[in-house]
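Novice:
Chains as they are written, first to last, in UniProt numbering: chain A, 1 to 567; chain B, 1 to 567.
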């Protein structure tokens with residue numbers, strides 16, 4: 001490719017406009033994907049005109065500066081289009097720096113034999129340049145660490161890795177909607193701001209206007225000081241005086257006009273007093289009542305939080321329209337600095353009426369398989385990039401999960417297998433015995449070593465699970481299930497929900513929770529109760545699983561974690 | 001239909017299981033939609049077995065209590081399936097109350113001629129009952145107002161109206177994804193928690209852990225009081241003494257063992273002191289610094305808010321991968337008690353690189369048309385319900401918008417038309433003159449009266465628009481556009497973004513905004529800048545437009561507004 005002789009522009013077959021590659025309907029360019037992602041690699045478009053736009057990945061002058069090669073990417077696919085610009089067409093020095101934005105029009109040509117590309121663009125006109133000063137550009141061509149890129153979160157989508165993650169994330173999101181829509185589920189927007197707490201556990205972010213309102217009051221009080229007690233007393237005196245005047249006039253049977261006038265004055269004095277009294281109450285600082293913050297003055301007249309899960313709310317729809325799901329952001333205010341936790345992350349939570357734990361497992365398995373197959377069908381280019389740069393096994397993993405039936409074992413069986421493994425010499429950091437929750441090391445042993453495929457563990461001990469999970473006939477376990485997959489361990493957690501009114505009421509009380517905040521949830525069991533189940537999939541976990549990337553902060557566009565919420 | 005003679009169950013043709021209607025893949029029922037939404041209304045399924053599940057809309061005993069008719073709905077479509085249950089099969093009294101959940105198995109039959117239904121279910125087995133006490137059920141069969149239903153937000157999805165809205169909302173959401181995916185846009189999850197303020201305007205909710213952290217400290221201090229100054233002094237003294245011991249031993253050239261031991265004691269004393277000093281600093285109340293709240297101790301070590309728009313953040317992706325959109329919740333802490341405002345609402349915000357205002361208008365028009373067509377193609381049953389119950393014209397409106405080219409006029413032309421209208425006798429509450437923002441009454445006049453179709457108004461005066469909108473060559477207007485539609489007025493607002501570094505920097509300064517918080521946004525213009533544009537569609541406005549419902553609180557599952565955030 002390098003140094004190959006290039007024909008001069010005037011020898012190019014002049015293509016007519018009717019030979020042009022159809023451009024994107026709402027922009028001034030042909031997506032590069034439309035050229036390069038064809039089965040023929042684009043060679044069938046040779047001779048056609050095209051206007052493309054994108055950013056220069058690499059650029060270099062050749063032939064003593066008589067022309068330049070640019071590798072241009074527009075984000076529509078991981079592949080770059082090679083373009084050749086003649087020095088007669090544009091100032092090549094401005095075009096070659098990495099990161100330069102270019103809009104280019106020209107003719108597609110099959111490059112000389114022996115080159116990697118199957119099509120390239122011979123540029124005839126440069127229609128746009130967004131230049132870059134290479135000395136200042138924060139993300140030059142050199143290989144940058146993902147950690148470094150987190151400090152330039154607004155520019156990192158311009159890198160190959162973060163743009164590939166964006167395409168894979170987009171594909172998984174649309175696959176999610178497609179899967180549930182095809183199965184007749186309704187997408188329900190559960191609330192972000194909530195006054196319920198899903199499990200009585202979990203650190204929550206508070207949502208409030210108390211602080212900003214207090215700041216406003218403080219500013220106002222500085223500009224316009226509040227009345228003194230003397231001001232109030234004076235105003236009270238005036239009301240008293242005006243009142244006496246009215247009384248005197250009335251008892252003296254004065255004229256209607258005089259009485260009306262005096263009443264008007266009294267009213268005015270009263271209004272003035274109440275205004276002063278209102279302002280007198282204004283205090284700097286956040287409003288307090290009985291030694292506590294006065295949430296009666298907050299925006300929602302009560303404490304409000306960011307949701308930790310949409311499950312309880314989406315159940316209200318499952319108990320009315322049968323098959324539903326929610327897919328949205330959820331929040332945890334935990335001070336976790338690990339590579340697996342975010343303060344803001346996305347969850348997919350289906351909920352199915354007239355369905356039990358087995359249906360739940362069937363749905364979870366079908367959904368995960370669908371996602372894997374979707375990526376293989378729609379994102380193989382990006383997956384190749386991931387396999388080359390992050391995780392050699394990621395494509396094989398998708399293929400395996402898409403095609404292998406998931407193992408299903410009870411929690412009791414899982415514990416037995418783990419105890420056996422320990423007897424066989426396997427060492428775990430935390431002890432395994434019936435009744436404890438499985439640690440990540442146990443989960444990964446089961447899926448990665450023991451079965452080497454996805455495993456669904458079901459029927460967990462009641463004591464380690466949430467109040468809403470259905471109590472099994474043994475009274476010791478609940479109808480919960482977790483889906484474990486290689487690379488990330490737990491990908492999905494779900495359960496059949498307790499639909500029996502008395503049982504769930506007793507469970508709430510048993511766990512020391514108050515009934516009152518759950519009355520609405522109990523109503524779903526009081527009136528027309530239905531067998532139902534659901535699960536939650538951590539969307540970023542699915543991305544870690546798919547891409548092989550190690551840190552969750554790199555698979556969400558704008559990561560939020562302790563000390564960090566850029567943009 | 002009423003009183004029609006029913007054959008006894010034993011005369012029904014015993015259908016084999018292979019004749020059963022295929023049930024939902026992940027639940028124990030055939031969706032009623034699969035039966036009734038067929039072109040033949042279900043009659044072609046006669047003779048087949050089916051297990052259905054749902055909730056009783058109306059139920060009544062007939063034939064002196066020998067059988068009952070139930071109208072059952074499962075949310076899969078607005079239509080109810082009529083079922084007939086024989087008294088020999090179940091206790092009819094438990095089945096007939098409105099709201100009862102039933103799981104029913106039986107055989108589908110064509111009802112006697114002269115009835116409305118084209119298929120009905122003859123029940124052979126009642127597999128589930130979730131009873132209702134009609135005396136206590138909060139939403140009985142009687143017609144309830146939408147206002148009343150807002151007080152039972154957890155049960156209102158069981159009503160015909162709210163479930164129809166849920167299906168229409170679901171359809172519009174999936175149509176949105178389908179439209180943008182088909183046009184090669186990537187779905188980007190912009191952040192909910194943000195430290196940027198989109199326009200320097202708009203009341204924002206604050207997100208904080210300062211208050212809950214302070215509450216934790218207070219509880220802890222009560223349980224475990226902080227050290228006194230004397231405690232600190234004593235600990236300091238101990239450090240001093242231990243230090244002196246180390247010094248003495250060293251100068252006396254004591255044994256290594258003795259020195260090591262004394263150093264260990266010194267280290268321990270120092271650790272104890274620093275622990276005490278740490279706890280000594282704990283103060284009840286929200287942490288302050290220099291007379292202000294100390295956000296350095298907040299979760300993100302700075303003030304954080306709920307986003308008012310994902311636009312600025314999604315631009316970082318448009319400037320890297322070209323065509324993107326975000327679709328998620330946004331927030332305004334405005335004390336608006338109108339039927340058009342919510343504190344939490346959903347927005348669709350595409351952003352397109354290599355595109356100008358014309359492309360933006362083309363995209364907006366194509367998107368709105370696509371949504372309307374989608375509803376006509378996928379939700380006609382629900383739209384019929386809306387037309388019957390809320391807005392006779394709603395289906396015609398969808399048809400008109402789906403098929404009519406939108407009128408496009410400049411702001412200047414719009415003002416001229418409005419001034420003409422005033423001259424012709426039309427009265428508006430607010431004055432129209434060049435330079436003022438159009439009020440809702442003006443917008444509705446243009447789209448409902450003047451043109452009687454959607455209108456796009458473009459090129460607004462610079463002074464009334466945001467800093468990021470591209471300044472036109474006249475220096476007086478910016479490349480902004482609003483899409484106005486009958487019934488709701490403004491449905492979409494968008495603009496071409498200012499891509500010229502110097503121009504946008506000067507605009508920020510001109511508007512009295514600080515540069516520093518926008519440096520990241522300026523970087524997008526500093527490095528490889530690109531012509532780009534985008535718009536925002538208020539998703540609930542689209543629902544008001546489609547359904548004809550008047551209050552925005554009824555088209556979102558869990559409305560949030562001042563004083564109200566149920567569940």
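Where is the CB? At the ideal position from N, CA and C, for every residue including glycine.
All values derive from a computational prediction rather than experimental measurement.
#1: Mind checking residue 374 of chain B: buried by the 16 CB within 10 Å criterion, or exposed?
#2: Tell me whether residue 170 of chain A is buried or exposed, calling it buried when 16 or more other Cβ atoms sit within 10 Å of its Cβ.
#3: Return the chain-ordered list of same chain residues with a C-beta closer than 6 angstroms to the C-beta of residue 430 of chain B, the five sequence neighbours on each side being excluded.
#4: With a threshold of 16 other CB atoms inside 10 Å of the CB of residue 133 of chain B, please say whether the residue is buried or exposed.
#5: Of the residues A:249, A:469, A:221 and A:256, which one's Cα is nearest the Cα of residue 283 of chain A?
#6: Given a threshold of 16 other Cβ atoms within 10 Å of its Cβ, counted over all protein chains shown, does residue 541 of chain A qualify as buried or as exposed?
#7: Using the beta-carbon of each residue, which ones in chain B are nearer than 7 angstroms to residue 372 of chain A?
#8: Near residue 444 of chain A, what residues of its chain come up, given a Cβ to Cβ distance below 6 angstroms and the 5 sequence neighbours on each side ignored?
#9: I want to see whether chain B comes within less than 7 angstroms of residue 500 of chain A, judged by CB atoms only; does it?
#10: Cβ atoms of residue 529 of chain A and residue 485 of chain A: under 7 angstroms apart, would you say?
#11: Measure the alpha-carbon distance for residue 83 of chain B versus residue 66 of chain B and round it to whole angstroms.
#12: So is residue 100 of chain A in contact with chain B if we call contact Cβ pairs under 7 angstroms?
#13: Using CA atoms only, rank isn't needed, just tell me which of B:230, B:243 and B:291 is closest to residue 218 of chain A.
#14: Hey, quick one: how far does the alpha helix (DSSP H) through residue 423 of chain B stretch, first residue to last?
#15: What is the residue span of the alpha helix (DSSP H) that residue 398 of chain B lies within?
#16: Rounding to the nearest angstrom, what Cα-Cα distance links residue 102 of chain A and residue 164 of chain A in this structure?
#17: List the residues of chain B that residue 545 of chain A touches, going by C-beta distances under 9 angstroms, in chain order.
#18: Answer yes if the stretch 131-148 of chain B comes into contact with the stretch 89-106 of chain B, meaning at least three C-beta pairs across the two stretches below 8 angstroms, and no otherwise.
#19: Quick one: which chain B residues come within Cβ less than 8 angstroms of residue 38 of chain A?
#20: For residue 480 of chain B, list the residues DSSP reports as bridge partners.
#21: Closest by CA to residue 471 of chain B, which one among B:162, B:360, B:507 and B:20?
#22: Could you tell me which chain A residues have their CB closer than 8 angstroms to the CB of residue 137 of chain B, listed as they occur along the chain?
#23: Assuming residue 293 of chain A and residue 210 of chain A form a contact by the criterion Cβ under 8 angstroms, report the distance between their Cβ atoms to the nearest whole angstrom.
#24: Between the C-alpha atoms of residue 139 of chain A and residue 56 of chain A, what's the straight-line distance to the nearest angstrom?
#25: Within 7 angstroms (strictly less), CB to CB, does residue 329 of chain A reach chain B?
#26: Under 7 angstroms, CB to CB, which of the residues in the stretch 222-254 of chain B have a partner in chain A?
#27: Flag this pair as yes or no: are the beta carbons of residue 77 of chain B and residue 360 of chain B separated by less than 7 angstroms?
#28: CA-CA distance, residue 106 of chain A and residue 473 of chain B?
#29: Taking the Cβ atom as the reference point for each residue, do residue 30 of chain A and residue 54 of chain A lie within a distance shorter than 7 angstroms?
#30: Taking all protein chains shown into account, decide if residue 252 of chain A is buried (16 or more other Cβ within 10 angstroms of its Cβ) or exposed.
#31: State the CB to CB distance for the pair residue 370 of chain A and residue 548 of chain A, rounded to an integer number of angstroms; the pair is presumed to be in contact (CB under 8 angstroms).
#32: Quick one: measure Cβ to Cβ for residue 494 of chain A and residue 481 of chain A, integer angstroms, because I've assumed they're closer than 8 angstroms.
#33: Indicate whether residue 227 of chain A and residue 276 of chain A have their beta-carbon atoms separated by less than 7 angstroms.
#34: Can you find a CB in chain B that lies within less than 7 angstroms of the CB of residue 2 of chain A?
#35: Note down, in chain order, each residue of its chain lying with its Cβ closer than 6 angstroms to the Cβ of residue 24 of chain A, except the 5 sequence neighbours on either side.
#36: How about residue 59 of chain B and residue 21 of chain B: are their beta carbons less than 7 angstroms apart?
Specialist: Reading off the structure:
#1: buried
#2: buried
#3: 439
#4: exposed
#5: A:221
#6: buried
#7: Ordered by position in chain B, no residue passes the 7 angstroms Cβ test against residue 372 of chain A, which lies about 18 angstroms from the chain.
#8: 489
#9: no
#10: no
#11: 14 angstroms
#12: yes
#13: B:291
#14: 411-423
#15: 394-403
#16: 21 angstroms
#17: Near residue 545 of chain A there are no residues of chain B at all, since even the closest Cβ is about 17 angstroms away, more than 9 angstroms.
#18: yes
#19: Within 8 angstroms Cβ-Cβ: nothing; residue 38 of chain A doesn't reach chain B, min ~15 angstroms.
#20: B:495
#21: B:507
#22: 527
#23: 7 angstroms
#24: 13 angstroms
#25: yes
#26: none
#27: no
#28: 29 angstroms
#29: no
#30: exposed
#31: With a Cβ gap of about 20 angstroms, residue 370 of chain A and residue 548 of chain A do not count as contacting.
#32: 5 angstroms
#33: yes
#34: Confidence is the limiting factor: at residue 2 of chain A the pLDDT is only 41, short of 50, which leaves the residue's position unreliable and the question unanswerable from this model.
#35: 31
#36: no
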